[in-house]
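All remarks here apply to the structure that follows.
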Ligand code: WT7
């Protein structure tokens, strides 16, 4: 990139924490100073919040960078920390999971019950020949058994590899093969959009090409008929009849806990490896600090799927390590009606809600009347994760979900970082809409230019992490070179080859520091546009568009342009009842182009804006820019104003896939 990212957007609103929350917050401003004074001692204290079978000898071994070892010599059992210790402390009757199936069936599972189920699953897996170090693939819908399966693996030291239930047989095959998984845990299917959606046939197809798989454990969820082979075992005939007695063995702090595949843009997926002690320390600490979890009174709900890292760290490990009560929901937000999320908040009196910007923008599009129809007064804290949340979506979330008064924690992190890295602390930070604000205590993040120099306040560039952190990925499964190449070769010692230089992790995201030094994420650097020699962030142009009252959601791409190198092409979804036909549409487009120019400067004025009813997204909610770029480049769209009925829209729609979608 020839120059650092331009710093265009200027957002000045700021919202201090509610006094009551601040007064009782789990973590206060002191944490920053404490961590800065002695970062390793700080993390050591956070590790002390867990229960260890053997104390560590050394907090961090960074003698062979970028391969870190945390809490060296320490031993613990991750599942013990999430279950047994709560039961032993007399909290066995506390609800761990309020589960809500999409059809409306429910299950209430206490910590004691979750512990028993996990012990049974651990015994069943052991009976199937799974031993510590073996890999187990998990391909399940959002049913409690997904959490049980993960915890059972953790309990016996098996490494789980959860594959999102929306992935195809081919993706599942690749992931099973890459990790040589010995067992697959799946279900007949799950419920999605009011219908049973089968999973077992996909597993059958995958397993046919995966000789490593010896057994398939099948949860019965939908009751639909499934094909059966000699490798298959019903969960209810194996796990649910197994002994509930199981003593958790302690494993090394660096024992592998899970592999989670993350897709690059085009490359084959990377198996991100996380280990035990450091991962659980940071997942548990960040859940405690950023969600301000009060196990006595909170009802927490993270709407992510367990197939993403958010589900790993903030449905399973972080919340359960903290002993909190949570809600788990199987289905989609619009089944059977568009108020389903708010109905669930109301029903379970949810106090903390953690969701994604894509969902917030969808809710915006559906209109504020929908949340207004439910009692959301139990909520006290809101969270966001997965992509930059544009200021208007942030404001809508605060206004229409948070009664205009709740704090919002915009949490930046990655599959690779394992836990949250940059986020407000809800009792401390005066948050700005759209900014992830500052690195959490114990995390050293920075924004640097091409040369790896820290940019001054007001500047933009690349987001990096300057010091190792406990829940960092340890490697890419089976490919140490790719690990070094992908994350450690852009800046620092990995780039210079000079052993004196520090090792610097490159996250792949563009970011800027505002005048107060607060961090704004600008999306993946692959998404940055180069317009007439200026680097412009897609996120900023999208935010500018969404700040117009007629726009609910926007996606921006750089399309090849003969004069400017790249030109800005925007796709915008109009809000609610906006008139988009004919002349009205043309007028709106002209207005939006001017609005962006006024907000960000003339350089950011889109060459074209297309009004669309939907945007193509991956199932984790990320906009499929590659597809939009194709649309923007391969067609001369000249005077097209609305695309609702055009073949271009069909192309966009085809990328959305009704069923299985791949991200790799
Ligand atoms: C990428 C990581 C973190 C769990 C879910 C996604 C983007 C994530 C934010 C945020 C701006 C964000 C980044 C990051 N991202 N959170 N709060 N603000 N961008 O995990 O699939 O590994 O994706 O998601 O681009 O690098 P993931």
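In the numbering used here, the protein residues as written are -4 to 659.
Backbone N, C-alpha and C define an ideal beta-carbon position, used for all residues, glycine too.
Legend entry - Segment limits, alpha helix (DSSP H) that includes residue 345: Where residue 345 is concerned, there is no enclosing alpha helix (DSSP H), given that its DSSP letter is neither H nor E.
Inset, instruction - Pull up the distance between the alpha-carbon of residue 637 and that of residue 5, whole angstroms please. - result: Since pLDDT at residue 637 reaches only 37, below the 50 mark, its modelled position is unreliable, and the value read off the structure follows with that caveat. Straight-line Cα distance between these residues: approximately 30 angstroms.
Legend entry - Beta-carbon spacing of residue 42, residue 62 below 8 angstroms: no
Legend entry - Span separating the alpha-carbon of residue 549 from that of residue 382: A straight line joining the alpha-carbon of residue 549 with that of residue 382 spans about 13 angstroms.
Inset, instruction - For my contact list, residue 95 and residue 101 are in at a C-beta cut-off of 8 angstroms; report their separation, rounded to the angstrom. - result: Between residue 95 and residue 101, the beta carbon gap of about 6 angstroms places them in contact (Cβ cut-off 8 angstroms).
Legend entry - Where residue 524 sits in the DSSP three-state scheme: Strand, per DSSP.
Legend entry - Alpha-carbon to alpha-carbon, residue 508 and residue 514: In this structure, the alpha-carbon of residue 514 lies about 5 angstroms from that of residue 508.
Legend entry - Inter-residue spacing [alpha-carbon to alpha-carbon] between residue 405 and residue 202: One C-alpha to the other measures close to 39 angstroms.
Legend entry - Simplified DSSP state of residue 617, which is helix, strand or coil: It is coil, neither helix nor strand.
Inset, instruction - Tell me the start and end of each unbroken beta strand (DSSP E) in the region 10 to 59 that is at least 3 residues and wholly inside, in chain order. - result: 53 to 59
Legend entry - Between the CA atoms of residue 443 and residue 457 - distance to the nearest angstrom: 5 angstroms
Inset, instruction - Have a look at the DSSP bridge pairing and note the partners of residue 83. - result: None, per the DSSP bridge assignment.
Inset, instruction - State the Cα-Cα distance for the pair residue 247 and residue 127, rounded to the nearest angstrom. - result: Taking the straight line from one Cα to the other gives about 11 angstroms.
Legend entry - CA-to-CA distance, residue 380 to residue 79, given in whole angstroms: 30 angstroms
Legend entry - Beta-carbon proximity list for residue 641, same chain, < 6 angstroms, skipping 5 on both sides: Confidence is the limiting factor: at residue 641 the pLDDT is only 47, short of 50, which leaves the residue's position unreliable and the question unanswerable from this model.
Legend entry - Sub-8 angstroms separation of residue 323 and residue 137 beta-carbons: Taking 8 angstroms as the cut-off, the beta carbon of residue 323 is found closer than this to the beta carbon of residue 137.
Inset, instruction - Take residue 633 and list the residues in its own chain whose beta-carbon comes closer than 6 angstroms to its own, dropping the five residues that flank it on each side. - result: Any reading at residue 633 needs caution, since the residue's pLDDT is 41, under 50, leaving its predicted position unreliable; the model's value is listed next. Counting only Cβ-Cβ distances below 6 angstroms, and skipping sequence neighbours, we find nothing.
Legend entry - Three-pair Cβ contact test at 8 angstroms for the region 383 to 393 versus the region 419 to 438: yes
Inset, instruction - Verify whether the separation of the beta carbon atoms of residue 153 and residue 179 is less than 8 angstroms. - result: no
Inset, instruction - Use the C-beta contact count for residue 480: other C-beta atoms within 10 angstroms, 16 or more gives buried, fewer gives exposed. - result: Label assigned to residue 480: exposed.
Inset, instruction - Could you check the C-alpha separation between residue 522 and residue 109 for me, to the nearest Å? - result: 42 angstroms
Inset, instruction - May I ask whether a heavy atom of the ligand WT7 can be found less than 7 angstroms away from the beta carbon of residue 382? - result: yes
Inset, instruction - Check residue 507 in the structure and name its three-state DSSP category. - result: strand
Legend entry - Buried or exposed by the 16-neighbour rule on C-beta atoms within 10 Å, applied to residue 150: Counting Cβ neighbours within 10 Å, residue 150 comes out buried, since at least 16 surround it.
Legend entry - Pairwise C-alpha distance: residue 155 and residue 252: 7 angstroms
Inset, instruction - Just mark residue 10 as buried or exposed, buried being the case when its beta carbon has 16 or more other beta carbons within 10 Å. - result: buried
Inset, instruction - Return the chain-ordered ranges of every beta strand (DSSP E) run that is complete within the region 88 to 128 and spans a minimum of 3 residues. - result: 90 to 95, 101 to 105
Legend entry - Proximal residues to residue 68 (C-beta, below 6 angstroms), its chain only, five neighbours per side dropped: Closer than 6 angstroms at Cβ, skipping near neighbours: 51, 52.
Inset, instruction - Report the three-state DSSP secondary structure of residue 543 (helix, strand or coil). - result: coil
Inset, instruction - For the region 19 to 27 and the region 411 to 425, state whether three or more C-beta atom pairs, one from each stretch, are separated by less than 8 angstroms. - result: At 8 angstroms Cβ cutoff, the stretches touch.
Inset, instruction - Could you pull out every residue in the same chain whose Cβ sits closer than 6 angstroms to the Cβ of residue 148, ignoring the five residues on either side in sequence? - result: In its chain, beyond the 5 residues on either side, 131, 155 have a beta carbon closer than 6 angstroms to the beta carbon of residue 148.
Inset, instruction - Could you tell me whether the Cβ atoms of residue 313 and residue 278 are closer together than 8 angstroms? - result: yes
Inset, instruction - Measure the Cβ-Cβ separation of residue 159 and residue 300 and say whether it is below 8 angstroms. - result: Yes.
Legend entry - Exposure of residue 694, with buried meaning 16 or more beta-carbon neighbours within 10 Å: Any property of residue 694 remains undetermined from this structure, which presents the chain solely from -4 to 659.
Inset, instruction - Find out if the Cβ-Cβ distance for the pair residue 250, residue 224 is shorter than 8 angstroms. - result: no
Legend entry - Local Cβ density within 10 Å of residue 292, reported as buried at 16 or more and exposed below that: Of the other Cβ atoms in all chains shown, fewer than 16 fall within 10 Å of the Cβ of residue 292; this residue is therefore exposed.
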